[in-house]
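Student:
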Amino acid sequence: MNRKTWLECCEIAVHEINLLGVTLTTRGDNLSRWHGLFRTREAFLHPNLEARVGRDPLPPFLRMFPDAATEIKQFCRVNLLNLNVETVHQFILNKVFPMIYAVWASEQTSRGHTLQSFLKLFRISVFSPQTTLSWMKQLGMKYANHKKSYYVDGHEREDVVTSRKLFCKRYLVDLEPRCIRWIQITKEKVSELPSLSMDFGHEYMEGDIKMVEFHEDYIDKAGMDLTQFEKKQSVRAPPNSPPLEFIGQDECVFFQNLVCGKNWVGSNGERPLLPKSEGDGVMLSAFQSRLTGFGREMSTDELQKVNEERLNKTYWDGEAALEVLKSTSKPPLTASPFVRKLLIGINNEGY
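Just so you know, we're using my numbering here: the sequence shown kicks off at 248 and counts up by one.
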């Protein structure tokens with residue numbers, strides 16, 4: 248060995264380890280370079296050249312156009328439940344590539360470019376499903392076993408916030424004043440009741456008399472007996488508007504856990520909300536209103552009759568029920584002879 252150079256010694260060492268089945272390299276100069284790097288840093292360099300220089304180890308196309316990566320991740324996040332490589336592959340081919348190419352071409356001074364020539368600039372000659380799978384993994388998505396996770400249903404999404412504001416305005420400003428839930432008291436009498444505060448009332452004039460209007464909930468929370476007051480519509484209700492009574496309905500469904508063992512996981516760990524329609528299920532449904540209280544328990548005979556009716560052709564599903572409620576001149580529910588019912592339905596699958 249003393250008569251051999253350092254490089255020759257590395258060649259012999261590589262030959263020996265190749266005989267043992269280690270084929271990471273077959274060149275002595277590679278081993279020499281690795282030795283020098285390890286002696287200097289006391290660590291080996293990252294094998295990925297992009298990561299080695301601190302770049303995001305993404306394909307050149309996604310690194311050059313972050314909007315493309317964002318579009319792909321957004322598509323996968325929205326379609327997690329039924330996500331597969333083929334749908335993502337078609338999405339990239341039919342939307343992402345044309346969208347990015349259109350933006351790129353508009354910024355070029357020369358003409359004559361095509362989508363194919365544009366993709367070749369990023370070493371994309373054939374974009375296969377296997378490449379799509381590789382991109383999905385590089386963007387942080389993975390196909391993993393089901394596990395427990397929490398669900399965020401988008402309470403603060405822009406469209407949800409806008410819809411919620413419109414609903415609250417309609418419910419509290421337009422509809423609630425028409426309910427028989429308001430109590431009008433003279434301002435003079437309010438001053439004699441220390442438990443009531445003018446800050447929670449609406450002042451108005453009834454002829455020459457100063458009046459204050461309170462909601463029945465506030466009177467109740469103030470510890471006063473509601474039976475000593477007469478409940479009416481609000482003075483802020485539109486003139487000659489029929490009184491309203493809200494009837495709320497909701498249900499809870501318990502289903503068997505019959506689902507696939509794996510699912511796609513988003514780049515930020517998002518998991519799909521598993522479908523609740525797999526396997527047999529049991530539904531609990533109830534109605535509630537201020538006039539009628541919280542529903543009532545059904546007898547065995549009534550439950551049997553309901554289930555029998557569900558098998559008949561005349562049974563109303565969600566859409567049929569809404570059509571009947573819109574077209575009928577007689578309300579299907581009767582709670583009070585002088586109150587008009589307002590039904591706000593949720594017509595989801597299975598409701």
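Backbone N, C-alpha and C fix where the C-beta goes; we use that ideal spot for every residue, glycine too.
Under the rule that 16 or more other beta-carbon atoms within 10 Å means buried, what is Phe308, buried or exposed?
Tutor: buried
Student: Residue ranges of each alpha helix (DSSP H) run of no fewer than 4 residues wholly in the segment 373-441, ordered along the chain?
Tutor: 376-385, 405-416 and 434-437
Student: Considering only residues of the same chain and omitting the five flanking positions on each side of Gly508, which have a CB-CB separation below 8 Å?
Tutor: Asn392 and His393
Student: My output table needs one value for Gly359: the three-state DSSP class, helix, strand or coil.
Tutor: coil
Student: Alpha carbon to alpha carbon, what distance is there between Phe493 and Glu549?
Tutor: 25 Å
Student: Does the count of Cβ pairs from the segment 330-346 and the segment 312-319 closer than 8 Å reach three?
Tutor: yes
Student: Less than 6 Å between C-beta atoms, sequence neighbours within five positions excluded: which residues of the same chain meet that for Gly401?
Tutor: Val407
Student: Please work out which residues of its chain come closer than 6 Å, Cβ to Cβ, to Leu530, disregarding the five sequence neighbours upstream and downstream, and give them in chain order.
Tutor: According to the sequence displayed, residue 530 carries Met and not Leu. Excluding residues within five positions, the ones whose Cβ falls inside 6 Å are Glu498 and Val500.
Student: I want to know whether the segment 325-335 touches the segment 375-383 - three or more CB-CB distances under 8 Å.
Tutor: With contact defined as three or more Cβ pairs closer than 8 Å, the segment 325-335 and the segment 375-383 are in contact.
Student: Under three-state DSSP, which class holds Gln475?
Tutor: In this structure, Gln475 counts as helix in the three-state DSSP scheme.
Student: If you draw a straight line from the alpha carbon of Leu254 to that of Val269, how long is it in whole angstroms?
Tutor: 19 Å
Student: Name the one or two DSSP bridge partners that Tyr451 has.
Tutor: Met458
Student: Could you round the C-beta distance between Glu463 and Arg428 to whole angstroms and report it? I think they count as a contact, below 8 Å.
Tutor: A Cβ-Cβ distance of about 5 Å is found for the pair Glu463 and Arg428, placing them in contact under the 8 Å criterion.
Student: Measuring straight from C-alpha to C-alpha, what distance separates Asn554 and Met545?
Tutor: Annotation: Asn554 to Met545 spans about 12 Å, alpha carbon to alpha carbon.
Student: Nearest CA to the CA of Ala247: which residue from Thr539, Gly540, Gly387 and Gln496?
Tutor: The requested residue 247 is not part of the displayed model; the chain covers only 248 to 598.
Student: Measuring alpha carbon to alpha carbon, tell me which residue in Ser279, Lys251 and Thr252 is nearest Val261.
Tutor: Ser279
Student: With respect to the beta strand (DSSP E) encompassing Gly516, which residues constitute its N-terminal and C-terminal limits?
Tutor: That residue, Gly516, is in no beta strand (DSSP E); it is neither H nor E in DSSP.
Student: From Arg537 to Leu491, what does the alpha carbon distance come to, in whole angstroms?
Tutor: 11 Å
Student: Can you check the segment 290-328 for any alpha helix (DSSP H) of at least 4 residues that lies completely inside it and give the ranges in chain order?
Tutor: 296-299, 307-311 and 313-325
Student: So what does DSSP say about Val261, is it helix, strand or coil?
Tutor: helix
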